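Participant: One structure coming up, written as structure tokens, with questions to follow.
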């Protein structure tokens, strides 16, 4: 089960055009396209007559015509034309999903449209700040439940084994973690003091010698992560001090959209506080990130299979405190949402 | 569930030779071949011993020998030889299906052999009339239940959207339909008066200017269709009048054989009342028909998925009156057949 | 269900190295590798934390480190290191399977390790006898339950139809069979007297003219077969006499390891009492055997499907006496084993 009253990432904005396209979010098929004026429209992708996907039909101005019998739907999902003239049946409508374009992403609201408020979309404060550069993101299909990736993004420890050649460094194995619950999700973080920077970061930070490093791993409901990496010259970091002038910060934004219970579409990009216009740097960092995320994918796809077919109970470790807290609270939110739905249905 | 006491098309006659071949009809596997004198034989394709398909064995004169232990079956399905000599167990027999060759097709009777009467095979009056030409047919696999194709062939309206570049013309969207129930099935028809001929027909009719057009869509139990198209010069058509000398008629014969509940083998050919010996015309029309039927296949394969996984109820429209009537009557026949089977079993 | 307290073939010894490798036996996934000193180790292939297969991790000396969080297991399956230091949870262990190297094969004990005794491994008396030659064996995947291959190897009759061009000869169809139950399994055998040798053997026996032939088909629990073929000059064979000097003997060893309920890994090789060092002869016989076993595979894969989807009951024949006896006794052993397991669990 999924949290329905939430914004999920549906696509990159560049993926949605005047061509009808089918996407699947929370196991629901959606026909997504742009109106003549460029607005985003998302309709339940099944003609109510014989359930042919509307995305197999034709776009006609700002309406969609079914490819079997020409039933035509407007942007609100209402049938406005049906063959054989006569009355259009009142049930001849499809759900219209609230959509919104932000940060180069298409966001979709999967629950009650009356509750959709774009102010609730995940906030990215530095997105438009010209002093920050962007590592162009990408997307990949994971053959696992989205919560396994949420676990992963509340788990700074895994980098020591999964990302040995990129994000791992002394201290990533054992430095204790701090877990904090916020109104929006869970944060797991730690400062690792006075060690040699990890290979991925060593190439980009603008000071030499050892560093102090913050790993800030945060996932917000329903499944959006901010992974903040901070590197300062050794001796200048830590929770209390003001940031040193040479501080390097990378904010990695990660959005997990459940395709269904065992598949996830995973989107990401990063913002960095240095050399905003350095395209070569952006390209290098994007490529390194993609490679590291492929390492996660390989592991998580196997974990999905292993947890599904397990022959004996699994065990939890202290490093799982953050992920388990996130799962518990999210499940409570899902339960509550379904309780309200049942009340309203009665 | 299927109607068992009925003739279905099993193959083109040219497909069946002295090589053992497996076909699947109504989810039953059948070993089909010809005797030395060319007669058609169809046996249940599973040796009663260890269920190896007989079609994996060897033909020996007019018997079939299992490829595992040599159990040998005659054309009536009786085991006539088993290894280790001794008595042949009385249960060592397989079902033998009544078969018949007609119209270049192999017909198979799937029910009680005692009820098989070749006089009940679908009638094609003009098949041997030398003044009619034939558009050589073909066959394709549909990934859908055969009833979805029956629906399609009782639905003249779909041509306006599915066959835009071939069969569609003014009036195919909206001209009202007439539904008639016959003893053998259902007919849906309409005359569309005084309009420009559809592209497919414009190339072959022998008059110019506008036309009157009859769409006669008929499906007979269990799943055989005659689609008659009549084109006359505008002003000469309609239900009452005698046919004009320039009238063009094409009878499209369509046979839907359920492979199982979600797959269908679909056979067809056409007869036309013009230029019977024009091979080039035949080839062109066959190619155009094949292309149009691929359009149906693409839609129906998606409808099968859409109706199977639907998230909300589907709705029916007035244009569905014919298909629904056909389904209701066929279901009544199936229920009755099963009731008799249960009575006999008691 | 499978017999657990038994030795199964897990691999050819040459297949297991210092690279972690996953195999599946009795539907259990096992991480198999060699220690630095070359000993064989087999561990349950799922880290108890998040069930990532250990075979996706890294070998570190004689321990295996999980690729997700570095949990490290020794050769007994005990976790000896976990991230975040602290106490290692007592449940952090995986099953370690007893393994043994014999006859070029890796043997694995799937039941209670306390009961594993390498003296119980299938005995091959002539394996190290320099006067016997070996036809190098191979392995193949069967898409069927292993018992179908056990049936096949207690069934000398099938060679007449399945191996027409290799093992079949006059008498293989009809000569009566003798069935014997031993402490270890079942033997089906017969002498076929005074006939022309089968093609496969004709090429290798060192006498000319007709032969007397013993087919000794023996399968021992849980699924290991010895197929002994004896050829003597006609008139010198039979159950009672001493063996003629020109007697040719081939012992075919066959080991069926259930991958799961519908897949089997099938291993084999042969010993022969002639020309032990003739590499060309060995290669020719190996190739012929492989070809014949492919014939079995084709049949058994189809029998698996036929028996699984059968529409009517199958029947047994007198030739099935041996296979049925083997299955009955094996099932009794499995039932007894499970009964003890339940008793111990109470």
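Protein chains in written order, with the working numbering: chain L, 1 to 346; chain F, 347 to 692; chain V, 693 to 1038. The beta-carbon is built from N, C-alpha and C at its ideal position, and this holds for glycine as well. Keep in mind that this is a model prediction, so the values were computed, not measured.
1. Name, please, each residue of chain F whose Cβ falls closer than 7 angstroms to the Cβ of residue 91 of chain L.
2. Taking the alpha carbon of residue 188 of chain L as the point to measure from, which residue in L:53, L:112, L:182, L:178 has its own alpha carbon closest?
3. Within 10 angstroms of its Cβ, does residue 439 of chain F collect 16 or more other Cβ (buried), or is it exposed?
4. Contact defined as beta carbons within less than 8 angstroms: I believe residue 355 of chain F pairs with residue 451 of chain F. What is the distance between those atoms, to the nearest angstrom?
5. Across which residues does DSSP place residue 254 of chain L in a beta bridge pair?
6. Anyone know if the C-beta pair for residue 30 of chain L and residue 45 of chain L falls short of 7 angstroms?
7. Per the DSSP calculation, residue 831 of chain V is bridged to which residue(s)?
8. Which full runs of the alpha helix (DSSP H) of 4+ residues lie inside the stretch 461 to 511 of chain F, going along the chain?
9. Residue 519 of chain F CB to nearest chain L CB: under 7 angstroms?
10. In the DSSP output, which residue or residues are listed as bridge partners for residue 299 of chain L?
11. For a cutoff of 7 angstroms on Cβ pairs, would you count residue 161 of chain L as touching chain V?
12. Looking at the C-beta of residue 51 of chain L, does it have a partner C-beta in chain F at a distance below 7 angstroms?
13. Which residues mark the beginning and the end of the alpha helix (DSSP H) in which residue 680 of chain F is found?
14. Step through the CB atoms of chain F and report whether any lies within less than 7 angstroms of the CB of residue 46 of chain L.
15. Does the distance from the C-beta atom of residue 824 of chain V to that of residue 963 of chain V stay below 7 angstroms?
16. Under 9 angstroms between beta-carbons, which chain L residues line up against residue 630 of chain F? List them in chain order, please.
17. Please list the residues of the stretch 969 to 1000 of chain V that have a C-beta atom closer than 7 angstroms to any C-beta atom in chain F, keeping them in chain order.
18. Shorter than 7 angstroms from the beta carbon of residue 956 of chain V to some beta carbon of chain F?
19. Pick out the complete alpha helix (DSSP H) segments inside the stretch 521 to 574 of chain F, 4 residues or longer, and give them in chain order.
20. Can you tell which of F:652, F:655, F:630, F:604 has its C-alpha closest to the C-alpha of residue 486 of chain F?
21. Could you give the C-beta distance for residue 572 of chain F and residue 597 of chain F, rounded to a whole number, given that I count them as a contact under 8 angstroms?
22. Give the residues of chain F in contact with residue 850 of chain V, contact being defined as C-beta atoms less than 7 angstroms apart.
23. Which chain F residues sit within Cβ distance under 9 angstroms of residue 56 of chain L?
24. Less than 7 angstroms between C-beta atoms, sequence neighbours within five positions excluded: which residues of the same chain meet that for residue 337 of chain L?
25. Per the contact definition of three or more C-beta pairs closer than 8 angstroms, is the stretch 108 to 119 of chain L in contact with the stretch 60 to 77 of chain L?
26. If we cut at 7 angstroms on Cβ distances, does residue 1011 of chain V have a partner in chain F?
27. Got a sec: is the Cβ-Cβ distance from residue 656 of chain F to anything in chain L below 7 angstroms?
28. Should the stretch 380 to 389 of chain F be called in touch with the stretch 432 to 448 of chain F, which here means at least 3 C-beta pairs below 8 angstroms?
29. Please state whether DSSP places residue 396 of chain F in a helix, a strand or coil.
30. Using a Cβ cut-off of 9 angstroms, pull out every chain F residue sitting near residue 86 of chain L, in sequence order please.
31. Out of L:124, L:95, L:204, L:176, point me to the one whose CA is closest to residue 78 of chain L's CA.
32. Report yes if the C-beta distance between residue 198 of chain L and residue 234 of chain L is below 7 angstroms; otherwise report no.
33. Counting Cβ pairs closer than 8 angstroms, one from the stretch 990 to 1003 of chain V and one from the stretch 908 to 916 of chain V, do we hit at least three?
34. Grab me the residues of residue 745 of chain V's own chain with a C-beta within less than 7 angstroms of its C-beta, minus the 5 sequence neighbours each way, in chain order.
35. Smallest Cα separation from residue 542 of chain F: which of F:505, F:646, F:554, F:675?
Facilitator: Per the coordinate set shown:
1. 661
2. L:178
3. Residue 439 of chain F counts as buried, since no fewer than 16 other beta carbons sit within 10 angstroms of its beta carbon.
4. 5 angstroms
5. L:225, L:268
6. The Cβ atoms of residue 30 of chain L and residue 45 of chain L lie closer than 7 angstroms to each other.
7. V:959
8. 492 to 498, 505 to 508
9. The C-beta of residue 519 of chain F comes closer than 7 angstroms to at least one C-beta of chain L.
10. Per DSSP, residue 299 of chain L has no beta-bridge partner at all.
11. yes
12. yes
13. 667 to 691
14. yes
15. Going by C-beta atoms, residue 824 of chain V is nearer than 7 angstroms to residue 963 of chain V.
16. Those within 9 angstroms of residue 630 of chain F in chain L number zero; the least Cβ separation is about 26 angstroms.
17. 991, 994, 995, 998, 999
18. no
19. 545 to 548
20. F:604
21. 6 angstroms
22. 414, 415
23. 644, 645, 648
24. 3, 4, 5
25. no
26. Answer yes: the Cβ-Cβ gap between residue 1011 of chain V and chain F drops below 7 angstroms somewhere.
27. yes
28. yes
29. It is coil, neither helix nor strand.
30. 663, 664, listed in chain order.
31. The option with the nearest alpha carbon to residue 78 of chain L is L:95.
32. no
33. Between the stretch 990 to 1003 of chain V and the stretch 908 to 916 of chain V, the count of Cβ pairs shorter than 8 angstroms is below three; the stretches do not touch.
34. Non-local beta-carbon contacts of residue 745 of chain V in its own chain, meaning distances under 7 angstroms to residues more than five positions away in sequence, involve 714, 721, 723, 737, 738 in chain order.
35. F:554
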